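In full-length UniProt numbering, the protein residues as written are 1 to 121.
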């Protein structure tokens with residue numbers, strides 16, 4: 001599996017878990033759009049959606065988006081893991097997202113470091 005495929009899968013996992021967490025918070029708020037966690041959606045889901053949209057046509061641009069967004073999300077999740085107790089939410093959200101972000105960032109950096117050959121016309 002190539003590095004660009006790995007960070008695309010990692011972005012899909014992080015985005016899917018983030019979207020699921022957003023839906024969970026939306027249900028907890030009673031489907032009230034005025035108090036829904038829109039900031040959570042923008043910060044933790046949108047960057048990974050951008051990676052998934054950019055990756056097929058512009059894999060290097062997607063890697064450049066994955067590195068800072070993955071690092072920021074990993075730091076946030078790691079701080080949350082350290083400061084919280086061992087809860088169901090930590091196991092279901094923070095651990096998979098933190099792991100996906102580390103794998104995605106490493107794969108994105110690897111794909112940026114390796115220049116793929118261009119076919120001669």
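Where a beta carbon is used, it is the ideal one built from N, C-alpha and C, also for glycine. Everything numeric in this text was worked out from a predicted model, so none of it was measured.
Take the alpha-carbon of residue 75 and the one of residue 69: they are about 10 Å apart. With a threshold of 16 other beta carbon atoms within 10 Å, residue 1 falls short and is exposed. For residue 31, the secondary structure class from DSSP, reduced to helix, strand or coil, is coil.
Straight through space, the alpha carbons of residue 36 and residue 97 are spaced by roughly 21 Å.
Straight-line spacing of the CA atoms in residue 26 and residue 19 works out to 10 Å. In this structure, residue 67 keeps its C-beta atom at 8 Å or more from the C-beta atom of residue 54. Judged by DSSP secondary structure, residue 76 falls within the alpha helix (DSSP H) whose first and last residues are 59 to 83. The beta carbons of residue 112 and residue 57 sit no closer together than 8 Å.
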